[in-house]
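Chemist: These protein sequences, in sequence, are chains A and B.
Here the first sequence stands for residues 174 to 477, numbered as in this note's numbering.
Here the second sequence stands for residues 174 to 477, numbered as in this note's numbering.
Number of protein chains: 2
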Amino acid sequence: MTINRRDFLKTAAVTTGGSVFAASGIAATSAAGKTPKVELKISLQEGKAPGASLNEQFDFMEQHGVVGFEPGGGNLQNRVKEIKDALSGRNIKVSAICAGFKGFILAENEAVRREFFDTMKVIIAAAGEIGSTGVIMVPAFNSQKPCKPHTQDTRNFLVEQLRTLGDYAVTHNTTVILEPLNRGEAFYLRQVADAASICRDANHHGVRCMGDFWHMTHEETSDKGAFLSAGEYLQHVHIASRKCRSMPGEDGEADNYIDGFRGLKMLGYDKYVSFECGLQSKDRAATLIAALKLLRDQWKAAKS
Amino acid sequence: MTINRRDFLKTAAVTTGGSVFAASGIAATSAAGKTPKVELKISLQEGKAPGASLNEQFDFMEQHGVVGFEPGGGNLQNRVKEIKDALSGRNIKVSAICAGFKGFILAENEAVRREFFDTMKVIIAAAGEIGSTGVIMVPAFNSQKPCKPHTQDTRNFLVEQLRTLGDYAVTHNTTVILEPLNRGEAFYLRQVADAASICRDANHHGVRCMGDFWHMTHEETSDKGAFLSAGEYLQHVHIASRKCRSMPGEDGEADNYIDGFRGLKMLGYDKYVSFECGLQSKDRAATLIAALKLLRDQWKAAKS
C-alpha cells in the first residue's frame, strides 16, 4: 500500500495544484507516523448559524471562529456572485458543497445517469468558482431504483464513472467526495473504509471521500479506525449529535467525538468538520455556541 | 458506540467463560486508550513447519517459539485424539480452525445452507474439544452460486443465521470467525470493518471476525485502521508475503506489517497471528526461521 501511495503522490504531484488537493499531504504525514499540531477547522451548512441573510450568518460565524461554509448544490450556479460577495474580505472559505444533483450514478437507466452527470457538472463548475474543497455525492440512495446490483461489475463501473467525473472536477480545481450513509438511507455505501477503497481503485486525485459522525455512529465500530482508513482520501467530515442528529451536545453524553478526533489528528487532517444537523433547542445561537465549545474541548482532549 | 460496547461486555461477562472469549477484554483495554505490552503469538497452519508428522512439526515449532497451531476443518472430528496427543505437554495450543465446511450460509438453496450448518456443527464441536479460538468461515465465495443478492435483507438474514451458529459455538466454548477475502475470491465480504460491523449487529460473543494481511493488501487502505475497526471482535489474524502469498519475507520490501502490528498493539490483541501461505524457496526450515525473525523484528519496531 505504501507503493500505491507513492505512485498516487507522484501522479498527484505532476497534475495537481491548489490547496484543494492538499489532502495528499496527509499520506506523507501519517506514513511518517508523526502526529503534527492540527487545528480544528469548523464549517457550518447554510442556515445553521442565526441570521436571515448570508451576511448575518457570516458575521456570527466570524465572531465565533467558524472558518468554513457549506452551501447546498441546488441552484449553486446562480449564487456564485452572491456567495463570493458575502465572503469577500472575511476569514471564512467555502468547504464542501452538499449534493444538490438529480439522478444517480448507479442507475440502470442511462437517462437517469446522464441526468446525474449533467446536474453534477453544473454544480462542480460553480464549486470550482467559489473555491470549494469538493462536491459531496452518494452513489445510490435506497429510494433510487432501478439500481445496478451490488456486484464487482457495478463496482468497476462506478470506479470508471468516478474517474470521468474526477477529470471534470480537476479541470475546475475541485473534487467529488463520496459520502457513506447509514443503511437506512443508502445500503450501497455505508462505511468509510469502503469509500476509501473505491478512491484507491479510482486512483484519481479528483475522487475523494468523507465521513459523517452521524452515519458512522450506526455503521462504524471505530471512528478512529474509519478515519485512519480514509487516510489521504479524506476530504470532508460531517458532524451532528449522535442520537437525534441535532447540534453536537444536544444528546448529552452520547455526543463524544474524541476517538474520531484522535484519528483526524493522527492523519494531520487539514480540511473541515462541518455541521449537518437539526436543532432541538429553541435558542439557535446559544446551542451553537455551546456546540462549538464542546467540539473545541473534545479536540483538545483527543490525544492520539 | 462506547455504550454498545458496555452492553456487549455486560452480556459477555454474564454468559461467557474461558480464554477463548478474552477478546472482549480488548475493548476495555483500547477503550481506556492504553497500549499495554502485547506479545506476538505466532501460529502455523498444518504443513508450514518442516516435518512429516505432527510431532516433528511441533518439535520444530517449539524449538522456534511458535505457540499456535491452525489445523484445517476437514475431517477434524476424526483427528481430535491425534491432535490432543501430539499437543500434550507442549507449549503449543490450537489457534483457529481453517474452514473445511461444505455448502455456504448465503445460498439461495436451503439444502445447500443446511449442508453448511451440518458440516460446520461437526467442525465446531471438534474445535471445542481441542480448545480452538474459533472456526473460520466465509459467507460466500464468488464461485458459490446461486447466492442471495447483496442487500440489507441478506445482511439481516446473515446476522440471524450467525446468531444461531454462535449459540452452537458458545455451547462448545468456541466461536465462529468471519474472514473477509479479496474481491477475486469473495466480493460479498472484503473488508475487516464490514466483518466487524456484522459482528456488532449480531451482538453475540460467539460471532467474531479476523483479518488476513494477504487479502488486506488488496482491499484495505490502512492495516491499522482495519484492525482498529475490528476492535473487540478481532479473534484471529492470517499472514503471508504481500505479493505472492508466500512466507513473510519472501517478497522482500513489500512484506511490511508494521502498520498493522501497530493496530494490534493498540488493541491489546491477545490472539494468534497465523501463517496461511505458500513457499517459494526450496528450504522450508531456513525460510520459516527467517520469517519468524522478520515478524518479531517488525513487531518490536511497531510503536503505536
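All C-beta atoms, glycine included, are put in the ideal place defined by N, C-alpha and C.
From a predicted model like this one, the values you see are computed outputs, not experimental measurements.
Within the same chain, show all residues whose beta-carbon is closer than 6 Å to that of L338/A, passing over the 5 residues directly before and after it, in chain order.
Modeler: The answer, listed in chain order, is V349.
Chemist: What does L461/A touch in chain B if you count any residue whose Cβ is under 7 Å from its own?
Modeler: Neighbours of L461/A on chain B: none; closest Cβ ~25 Å, over 7 Å.
Chemist: Are there 16 or more other CB atoms within 10 angstroms of the CB of A205/B, so buried, or fewer, so exposed?
Modeler: For A205/B, the predicted structure reports a pLDDT of 47, less than 50, and the residue's modelled location is therefore unreliable. A value from the coordinates is still provided. A205/B is exposed by the Cβ-count criterion.
Chemist: For A298/B, which residues from the same chain have a beta carbon less than 6 Å from its beta carbon, with the 5 sequence-adjacent residues on both sides left out?
Modeler: Within the same chain, A298/B has close Cβ partners H345.
Chemist: The region 362-374 of chain B: which residues have C-beta closer than 9 Å to a C-beta of chain A, in chain order?
Modeler: Listed by position, the residues of the region 362-374 of chain B near chain A (Cβ gap below 9 Å) are R363, Q364, V365, A366, D367, A369, S370, C372 and R373.
Chemist: By the three-class DSSP mapping on this structure, what secondary structure does K438/A have?
Modeler: If DSSP states are grouped into helix, strand and coil, K438/A belongs with the helices.
Chemist: Check Y341/A in the structure and name its three-state DSSP category.
Modeler: Three-state DSSP puts Y341/A in a helix.
Chemist: State the Cα-Cα distance for the pair L260/B and R286/B, rounded to the nearest angstrom.
Modeler: Cα to Cα, L260/B sits roughly 34 Å from R286/B.
Chemist: Would D291/A be called buried (16 or more neighbouring beta carbons within 10 Å of its own) or exposed?
Modeler: D291/A should be labelled exposed.
Chemist: Compute the Euclidean distance between the alpha carbons of E352/A and F360/A, then round it to the nearest angstrom.
Modeler: Taking the straight line from one Cα to the other gives about 12 Å.
Chemist: Hey, could you find the ends of the alpha helix (DSSP H) R415/A is sitting in?
Modeler: No alpha helix (DSSP H) holds R415/A; DSSP gives it neither H nor E.
Chemist: Taking buried to mean at least 16 other C-beta atoms within 10 Å of its own C-beta, is N228/B buried or exposed?
Modeler: Under this definition N228/B is an exposed residue.
Chemist: Taking Cβ positions only, does G404/A come closer than 9 Å to chain B?
Modeler: Chain B contact via Cβ: present.
Chemist: Hey, is T394/A's beta-carbon within less than 9 Å of any beta-carbon in chain B?
Modeler: Yes - at least one Cβ of chain B is within 9 Å of the one on T394/A.
Chemist: State the beta-bridge partners of L217/B as determined by DSSP.
Modeler: The partner list for L217/B (beta bridge, DSSP) reads F242/B and F448/B.
Chemist: Assuming Y430/B and T306/B form a contact by the criterion Cβ under 8 Å, report the distance between their Cβ atoms to the nearest whole angstrom.
Modeler: With a Cβ gap of about 20 Å, Y430/B and T306/B do not count as contacting.
Chemist: Let me make sure I understand the geometry here. Which of W387/A, Q408/A and N251/A has the alpha-carbon closest to that of D424/A?
Modeler: The option with the nearest alpha carbon to D424/A is W387/A.
Chemist: What is the DSSP secondary structure of A272/B, counted as helix, strand or coil?
Modeler: Note: A272/B maps to coil in three-state DSSP.
Chemist: Can you find a C-beta in chain B that's less than 9 Å from the C-beta of F360/A?
Modeler: Chain B contact via Cβ: present.
Chemist: With 7 Å as the limit, tell me which residues of the region 253-277 of chain A have their beta carbon closer than that to any beta carbon of chain B; keep them in chain order.
Modeler: Per Cβ criterion, the list is empty.
Chemist: Listing by chain order, which chain B residues have their CB less than 7 Å from the CB of H377/A?
Modeler: Going along chain B, no residue has its Cβ under 7 Å from H377/A, so there is no contact; the nearest lies around 14 Å.
Chemist: Within the same chain, show all residues whose beta-carbon is closer than 6 Å to that of D428/A, passing over the 5 residues directly before and after it, in chain order.
Modeler: Closer than 6 Å at Cβ, skipping near neighbours: S414, R415, P421 and G422.
Chemist: How far does the beta strand (DSSP E) with D456/A in it extend, from its first residue to its last?
Modeler: Looking at the DSSP string, D456/A is not in any beta strand (DSSP E), and its letter there is neither H nor E.
Chemist: Any idea what DSSP makes of K476/B, helix, strand or coil?
Modeler: Correct three-state label for K476/B: coil.
Chemist: Inspect the beta-carbon positions of S370/B and E393/A and report whether they are closer than 9 Å.
Modeler: Yes, Cβ-Cβ distance for S370/B and E393/A is below 9 Å.
Chemist: Take the Cβ of E243/B as the centre, count every other Cβ of all protein chains shown within 10 Å, and call the residue buried at 16 or more, exposed below.
Modeler: Label assigned to E243/B: buried.
Chemist: Please list the partners that T348/B has in chain A, where partner means a Cβ-to-Cβ separation under 7 Å.
Modeler: In chain order: nothing, as chain A lies at least about 17 Å away.
Chemist: If we ignore side chains and look at the alpha-carbon of each, how far apart do E302/B and T327/B end up?
Modeler: Each residue's Cα considered, the two are about 32 Å apart.
Chemist: Roughly how many angstroms lie between the CA atoms of A342/A and A399/B, to the nearest whole one?
Modeler: Approximately 29 Å, taken between the alpha carbons.
Chemist: Assuming G273/B and G246/B are in contact, meaning their beta carbons sit under 8 Å apart, how far apart are those beta carbons, in whole angstroms?
Modeler: With 8 Å as the limit, G273/B and G246/B qualify as a contact, their Cβ atoms being about 2 Å apart.
Chemist: Please list, in chain order, all residues of the same chain as N355/B whose beta carbon is under 7 Å from its beta carbon, the five residues on each side excluded.
Modeler: Cβ within range, chain order: R363, H388, H391 and E392.
Chemist: Measure from the alpha carbon of L331/A to the alpha carbon of each residue in D367/A, A300/A, T347/A and G357/A, then state which is nearest.
Modeler: When only C-alpha atoms are compared, the closest one is D367/A.
Chemist: Which residues in chain B sit within 7 Å of K397/A, going by Cβ to Cβ distance?
Modeler: Those within 7 Å of K397/A in chain B are L401.
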